[in-house]
Amino acid sequence: MNIRNKLMLGFLISVITPIVLLCIITGNNIKKDSLRDFYEYTHSELSVIEKSLSIFMDDIKENSVMLAKFPDVLNINRDMTSFINEKSSKTMADFSRGLDEQRIVNFLNTVKISHKNYVEVYMGTKFGSFIDGDKSLKIPAGFDPRVRPWYKKSLLTPNKPSLTKAYQSFTGEAVVAVSHAVSAKDNVKGVIGFDVSLHDLTKFISNIRIGKTGYVMLIQDDGVILADPGHDDTGFKKLEET
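Residues 5 to 246 in our numbering are what the sequence shown lists, from first letter to last.
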């Protein structure tokens with residue numbers, strides 16, 4: 005290689021080397037900026053979800069406290085509708101009701117129709133009676149609310165709202181049962197509860213996208229999948245089953 009070619013090669017190397025280094029540095033900076041932006045965006049989206057969940061849960065808990073303190077609900081007596089001795093399924097409409105019970109039925113029905121996410125609103129009493137706001141709902145024969153999980157759970161913490169884990173209702177949607185003990189002078193007279201649909205919440209989460217292809221899943225603490233936008237057939241399956 006003559007001197008001229010050596011000089012040309014040296015010149016090219018001196019020019020290309022800084023350009024290559026600049027491209028590498030710029031590429032790394034762009035990658036770091038992109039990752040930082042992605043992390044910040046993801047954190048922001050997850051914060052929105054966390055806040056939405058917190059607001060949702062606080063709202064239904066506060067409502068359970070309000071329902072348990074409503075004056076008409078406190079007028080519980082042993083003559084209210086019971087399904088314990090029934091041999092076949094019945095509805096609330098199949099029974100005659102006293103004035104106190106009718107007021108409770110009307111109140112429960114008003115609560116249900118004024119909250120679109122409330123699937124059912126009901127109350128069980130210490131006498132074994134069961135009252136539902138929907139007079140057409142069929143109650144199974146021998147039904148005793150006192151042995152139901154939502155009733156027993158509220159007795160453990162009578163001064164606090166109780167929530168069950170989400171489960172799949174007969175309509176196929178996710179619901180959670182919320183309940184609160186009905187007490188008068190520290191005497192628990194019954195438990196009022198309502199099933200809340202998680203449809204709007206899971207739909208909201210399913211519509212969130214992280215970047216172009218990422219999405220958010222809502223998973224219960226026991227591993228049950230409540231929302232998975234990427235797989236429609238995984239609802240109410242456990243993670244290890246998918």
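The C-beta atom is built at its ideal place from N, Cα and C for all residues, glycine as well.
Quantities reported herein were computed from a predicted structural model and do not represent experimental measurements.
Annotation: the continuous beta strand (DSSP E) that includes H184 extends over 178–188. With fewer than 16 neighbouring CB atoms inside 10 Å of its own CB, S51 falls in the exposed class. In this structure, the alpha-carbon of N67 lies about 49 Å from that of I34. Spanning the alpha carbons of P233 and V109 requires a straight line of approximately 39 Å.
For the pair D83 and P165, the Cα-to-Cα distance works out to about 27 Å. Runs of the beta strand (DSSP E) lying entirely within the stretch 203–235 and spanning at least 3 residues, in chain order: 229–231. Taking the Cα of K139 as reference, the smallest distance to any Cα among K157, D204, K94 is reached at K94. Here DSSP, grouped into helix, strand and coil, assigns F42 to helix. When beta bridges are read from the DSSP output, K242 appears opposite V228.
The alpha helix (DSSP H) runs lying completely inside the stretch 57–124 and spanning 4 residues or more are 103–118, given in chain order.
I209 places its beta carbon less than 9 Å from that of L222. Rounded to whole angstroms, I80 and M127 show a C-alpha spacing of 10 Å. With respect to F147, I88 sits close: the two C-beta atoms are nearer than 9 Å. The continuous alpha helix (DSSP H) containing K157 extends over residues 153–160. The bridge partners DSSP lists for N191 are A188.
The straight-line gap separating the alpha-carbon atoms of V192 and L57 is approximately 30 Å.
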